[in-house]
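To keep things clear, I will list the structure first and then write my remarks on it.
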Amino acid sequence: MALSLEAANLVRQKVYAAIQGGDNPSAKTRLWWTTARTFFDQWVDQGNNTLQFLPYSEVDADVANGTPLADAACKVYLFYVNKRGTATTENTTKLFDNATVDTTTTDQALSLQTAASGQEAMMIYPTGFSMAAGVTVTQHTTPEGTTDGSDGGDGFVVIGAA
Numbered sequence: 000m001a002l003s004l005e006a007a008n009l010v011r012q013k014v015y016a017a018i019q020g021g022d023n024p025s026a027k028t029r030l031w032w033t034t035a036r037t038f039f040d041q042w043v044d045q046g047n048n049t050l051q052f053l054p055y056s057e058v059d060a061d062v063a064n065g066t067p068l069a070d071a072a073c074k075v076y077l078f079y080v081n082k083r084g085t086a087t088t089e090n091t092t093k094l095f096d097n098a099t100v101d102t103t104t105t106d107q108a109l110s111l112q113t114a115a116s117g118q119e120a121m122m123i124y125p126t127g128f129s130m131a132a133g134v135t136v137t138q139h140t141t142p143e144g145t146t147d148g149s150d151g152g153d154g155f156v157v158i159g160a161a
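Letter 102 of the sequence shown, counting from 1, is numbered 101 in numbering that gives the first Met the number 0, and no numbers are missing.
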């Protein structure tokens with residue numbers, strides 16, 4: 000599961016496809032496209048050309064101990080979640096700075112909360128958020144808690160070399 004970096008334009012296409020989620024983009028979808036496009040335009044202008052797209056599903060985040068997405072030091076540039084389905088239970092999707100599990104609470108690095116069906120959120124780090132060990136995705140019932148959640152969302156993480 001070592002990093003598999005590729006050209007930023009290929010990652011951009013994957014991000015757009017993940018955000019679209021259908022044939023008829025809504026105003027909300029266009030907001031996410033515009034936000035992502037601005038990031039990628041800046042990224043390419045700076046000459047930083049390789050990234051990796053890491054999709055995850057609600058099922059991946061719901062696995063006990065989380066699901067590893069990357070097992071090497073890296074930087075997180077985009078973190079996105081979309082609470083699909085009809086559930087309205089509050090949930091927090093989290094990224095842990097750990098290559099295998101989400102059980103070390105001090106490894107919790109980033110989190111996005113969703114409560115309403117269809118709610119979306121995105122974090123952008125133009126210069127990257129460093130993850131020393133890797134990236135594991137999980138979901139918990141509260142931002143500070145460790146109780147595994149359910150009814151979270153699908154999403155993706157865009158990473159680059161450390």
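Here a beta-carbon is modelled for each residue, glycine too, at the ideal position from N, C-alpha and C.
Distance CB(residue i)-CB(residue j) smaller than 9 Å
i, j, result
"G151", "N97", "no"
"A72", "T137", "no"
"G159", "L9", "no"
"T33", "N64", "no"
"K13", "F155", "yes"
"A35", "M130", "no"
"V157", "Y76", "yes"
"K74", "F38", "no"
"T135", "G148", "no"
"W42", "L30", "no"
"T92", "T145", "no"
Nearest to residue i (by Cα), restricted to the options the options
i, options, result
"T66", "T49, T99, T88 and V43", "T99"
"L2", "D44, T126, L53 and T140", "L53"
"A86", "S116, Q41 and G148", "S116"
"E119", "Q45, P125, D70 and D153", "D153"
"G133", "P125, L68 and T88", "L68"
"P125", "T104, T146, D106 and N47", "N47"
"D40", "Q19, R11, L94 and T146", "R11"
"A161", "D70, A16 and L94", "D70"
Exposure of residue i, with buried meaning 16 or more beta-carbon neighbours within 10 Å
i, result
"E57", "buried"
"A6", "exposed"
"E143", "exposed"
"D106", "buried"
Beta carbon proximity, residue i to chain C, threshold 9 Å
i, result
"T140", "The question asks about chain C, but that chain is absent: this structure has only one protein chain."
The region 70-85 in contact with the region 102-118 per 3-pair CB rule at 8 Å: yes
What are the start and end residues of each continuous alpha helix (DSSP H) run of 4 or more residues lying completely inside the region 15-94, in chain order? 26-44 and 57-61
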